[in-house]
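Chains as they are written, first to last, in my numbering: chain A, 186 to 490; chain B, 35 to 268. A virtual CB, placed ideally from N, CA and C, is assigned to each residue, including glycine. Working notes, beginning with the structure itself.
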Amino acid sequence: MSRLTIEASTPLCLLQDAGRFGVRHLGVTQGGALDWVSMSWANWLLGNVLDAPVIEITLGGFSVVAEELCLLALAGADLGACIDQRPLSPGRSFILQKGQRLRFTQPYLGARAYLAAPGGFNAPKVLGSCASVVREELGGLDGFGRPLAEGARLEYSGAGVNLKELSGKQLPDLRSKAPLEVILGAQIGQFSGQSLFDAFNSAWTLDSRADRMGMRLLGPQLRYQGAPMISEGIPLGAIQVPPDGQPIVLLNDRQTIGGYPRLGALTPLALARLAQCLPGSEVRLTPVVQETAHRQQIEFLRGFV
Amino acid sequence: MKIRLEVVAIDCLMVRLFDAIAEANMPWMLAASERLRAAFGGQLIDLVPSYTTLMVHYDLRALSPSQARELIDVALTDLTPDSRTGGQRHVLPVWYDLSVGPELSLLSRRSGLSVSEVIRCHSEREYQVFALGFAPGFAFMGLVDEVLAAPRLDTPRKRVAAGSVGIAERQTAAYPVVSPGGWNLIGRTPSRLFDRERDGYSLMQPGDSVRFAAVEHAEFIRLGGDDTPLEVPA
């Protein structure tokens, strides 16, 4: 077993995996890494299953010291990671010698970095997952959903492998301005024609009111003209439109059911990109057919083999 | 009943069975759930029931959207309602008191009933669990007598104590854990509504029946209840 000690952390540094499944009918949220693509690459670099427990570091402010020689992998955002004084760019596995410090400072590109360890970080599975959901008191190192705290010990039990790095083709492009793809939902026809035009032809600004439950998009007011809805299941990435007309993209820690009308739902690839956008950045939306999105997703997943 | 199927996400389809909330929906909802679980087997990731819908979240690595549709169509052909009495029956002890249920007075004023009549009215009915959501183990139950129906608070409380029993419109529920909340609070239950050590985790499941039983303060404490009064907003 190898160990690291956390020297600095924030409430936005959380142990995550792919999330909690099979319990949503009990009101338990999904949780899990917001940028599942980067989580997958971090694990892939170490030969792990793609959803092994990783650390999601949002915006920086995280630092660990190796208690013995550790093999780790980093993917996702560039949060100014350094090993002691030496910069470490994401998209590679690396060695942290005993006593060396890995530190994340602030976002240079993207918002969330993922740190993986061989076999995944050790943590108890609660309702089938170690995804940390603070509000539900589920997951994390202690099983009660608490964020990673200064002084806590991180451990892993997997064996080392050769060092690897992602090729240019594998590295997600965090600068991409491509619009986020939306699978249209059943209420799409009940938004005004102007609203539909606006939804897909405007630049939307990410509000600072954003967390793991949802991100609010600021822009033209969208008008829903249908009847009030009865609460129903909410899929990951659903874009709901509350009465104020400002859409909210619902993320991994969303409530399980809700009654606001929806434009549709972002594709998983769009969600991974959105997870790397900072408040104030602009995004655009574009519609995609479910079958097409499905084919793209299957094709993308082949890249992890 | 005409079952409709809607696309909601890359790997989710909404099965819409009804257009209105009704207690009579439940035998159909339970029957449909059972058939869908059997049809999808290990390819089902989650099945999220609500009042009138079932959201099917399947494994997109195993099924294309058209295969998933096909599975649902076949599974729900010639659907018949689940004739069993449906679900478990629970009795939730409740200490109805103004210190933990401040809206008892509001509901009394709105309904013209005395506080003890409000309590009797809430506790003499058997409720059905329509759906779970909002928080783990939070069960939406109904229907509350029309005379007690009241809209949510204009400003939700930042902190509602665990076990708090409330009313919103014609629904009633109990908060499993401390959380923000806007329901009209009328009392508190000592029952543990969500327990990670329990088989099935949640005390209540969709389709269960629930009755609230008024208990005195001493009994509430004996059952493990926490009588800390609700924080009064400054």
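In the three-state scheme derived from DSSP, where H, G and I count as helix and E and B as strand, S274 (chain A) is classed as coil. In the three-state scheme derived from DSSP, where H, G and I count as helix and E and B as strand, R95 (chain B) is classed as coil.
Identification of chain A residues near L94 (chain B) by a Cβ-Cβ cut-off of 8 Å yields H479, Q482 and I483, ordered along the chain. A residue is called buried once 16 or more other Cβ atoms fall within 10 Å of its Cβ, and F174 (chain B) is buried on that count. Taking a contact as a CB-CB distance under 8 Å, the pair A301 (chain A) and N233 (chain A) counts as one, their CB atoms being some 6 Å apart.
By DSSP's assignment, C267 (chain A) forms a beta bridge with A:P272 and A:R288.
With a threshold of 9 Å between beta carbons, G216 (chain B) makes no contact with chain A. Residues of chain B whose Cβ lies closer than 9 Å to the Cβ of P413 (chain A) do not exist; the shortest such Cβ separation is about 12 Å. Per the DSSP secondary-structure output, T86 (chain B) pairs with nothing in a beta bridge. Counting the other CB atoms within 10 Å of its CB gives R487 (chain A) a total below 16, which places it among the exposed residues. Distances from the alpha-carbon of A56 (chain B) to those of B:D93, B:S225, B:F164 and B:L88 put B:F164 closest.
With contacts defined by Cβ atoms closer than 9 Å, G399 (chain A) and V426 (chain A) do not form a contacting pair. Between L166 (chain B) and G197 (chain B), the CB-CB gap reaches or exceeds 9 Å. Among the CB atoms of chain B, none fall inside 9 Å of the CB of G488 (chain A). Counting only runs of 3 or more residues that sit fully inside the segment 130-197 of chain B, the beta strand (DSSP E) segments are 160-166, 173-176 and 191-194, in chain order. Inter-residue distance for A169 (chain B) and E322 (chain A) is about 11 Å (C-alpha atoms, whole angstroms). Here Y341 (chain A) is not near P309 (chain A), since their CB atoms are 9 Å or more apart. With the rule of 3 Cβ pairs closer than 8 Å, the segment 172-189 of chain B counts as touching the segment 135-148 of chain B. L294 (chain A) and I268 (chain A) have their C-alpha atoms spaced approximately 18 Å apart.
A contact is defined here as three or more CB-CB pairs under 8 Å, and the segment 385-398 of chain A fails this definition with respect to the segment 57-64 of chain B. Listed as beta-bridge partners of H124 (chain B) by DSSP are B:V244. Proximity of the segment 368-383 of chain A to the segment 212-224 of chain A falls short of the contact definition, fewer than three beta-carbon pairs being nearer than 8 Å. Where L231 (chain A) is concerned, there is no enclosing beta strand (DSSP E), because DSSP gives it neither an H nor an E.
Rounded to whole angstroms, the gap between the alpha carbons of M414 (chain A) and P446 (chain A) is 7 Å. Put simply, the CB of A308 (chain A) is far from chain B, with every gap to its CB atoms at 9 Å or more. According to DSSP, residue pairing for R439 (chain A) in a beta bridge does not occur. In the same chain as L257 (chain B), and ignoring 5 residues on each side of it, the C-beta atoms closer than 7 Å to its own belong to P127 and P224, in chain order. At a Cβ-Cβ threshold of 9 Å, G215 (chain B) and W129 (chain B) do not count as neighbours. When beta bridges are read from the DSSP output, Q425 (chain A) appears opposite A:I433 and A:R447. With a threshold of 9 Å between beta carbons, R230 (chain B) makes contact with chain A. Under the Cβ criterion (8 Å, minimum of three pairs), the segment 190-203 of chain A counts as touching the segment 242-258 of chain A. Around the beta carbon of M224 (chain A), 16 or more other beta carbons lie within 10 angstroms, which makes this residue buried. Bridge partners of Q379 (chain A) according to DSSP: none are assigned.
The beta carbons of D220 (chain A) and Y299 (chain A) sit closer together than 9 Å. Among the residues of chain A, those whose CB is under 9 Å from the CB of P240 (chain B) are H210, following chain order.
Under the three-state reduction of DSSP output, D80 (chain B) falls in the strand class.
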